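FYI, our numbering numbers position 91 of the sequence shown as 701, with every residue one higher than the one before it. Read the structure below first, then the notes.
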Amino acid sequence: MELISVSALEVCFDNRPDDDVLLVIDELVNVLRTAPGCMSYSIIALNKKFSSMIISGFWNKEKHMVDHFSSSSFTALTECLTSNCRSISFRSLFMENEMRGQHAEP
Numbered sequence: 611m612e613l614i615s616v617s618a619l620e621v622c623f624d625n626r627p628d629d630d631v632l633l634v635i636d637e638l639v640n641v642l643r644t645a646p647g648c649m650s651y652s653i654i655a656l657n658k659k660f661s662s663m664i665i666s667g668f669w670n671k672e673k674h675m676v677d678h679f680s681s682s683s684f685t686a687l688t689e690c691l692t693s694n695c696r697s698i699s700f701r702s703l704f705m706e707n708e709m710r711g712q713h714a715e716p
């Protein structure tokens, strides 16, 4: 399968989130991994305290990524984050045709 699009949430907390908050985030990401067209969904801690992290989804079709934004699991994730964190930045990236597996002829 070919990577077509990426969604990313950059999340900053004031301090290390409570363990129960981290557990909920992890459980929701595990559910999102099973979404149609999801190639991978990951949490990357940017420091040892987990006070900054990036949560990313990788998709084989743009439609699947867009559809997942209205899923109950993504809604639950964003609600959990917004009620517990200081800030969230959202990005979605779409691969251009020229970048997707097209190689120059020798």
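All residues carry an ideal CB built from backbone N, CA and C; glycine is no exception. In this text the structure is predicted, and so the values were computed from the model without any measurement.
Per-residue burial, residue i [other beta carbons within 10 Å of its own, 16 or more giving buried]
i	result
PRO627	buried
SER682	exposed
SER650	exposed
ILE698	exposed
VAL621	buried
ASP629	exposed
PHE679	exposed
Assumed close pair residue i, residue j - CB separation to whole angstroms, cut-off 8 Å
i	j	result
ILE665	LEU656	At roughly 11 Å, the Cβ-Cβ gap does not stay under 8 Å, so ILE665 and LEU656 are not in contact.
VAL616	GLY647	With a Cβ gap of about 12 Å, VAL616 and GLY647 do not count as contacting.
MET705	LEU613	6 Å
LEU691	LEU633	With 8 Å as the limit, LEU691 and LEU633 do not qualify as a contact, their Cβ atoms being about 14 Å apart.
Proximal residues to residue i (C-beta, below 7 Å), its chain only, five neighbours per side dropped
i	result
PRO716	Residue confidence for PRO716 is low, a pLDDT of 43 falling below 50, so the modelled location carries little weight; the figure read from the coordinates is stated next. Closer than 7 Å at Cβ, skipping near neighbours: no residue.
VAL641	SER683
Beta-carbon contacts of residue i that lie in its chain and below 8 Å, excluding the five residues immediately before and after
i	result
PHE623	PHE660, SER661, SER662, ASN694, CYS695, ARG696
Own chain, CB closer than 6 Å to residue i, minus 5 neighbours either side, in chain order
i	result
LEU687	LEU638
SER702	SER617
Legend entry - Contiguous alpha helix (DSSP H) assignments of at least 4 residues, all confined to the stretch 654–686: 672–678
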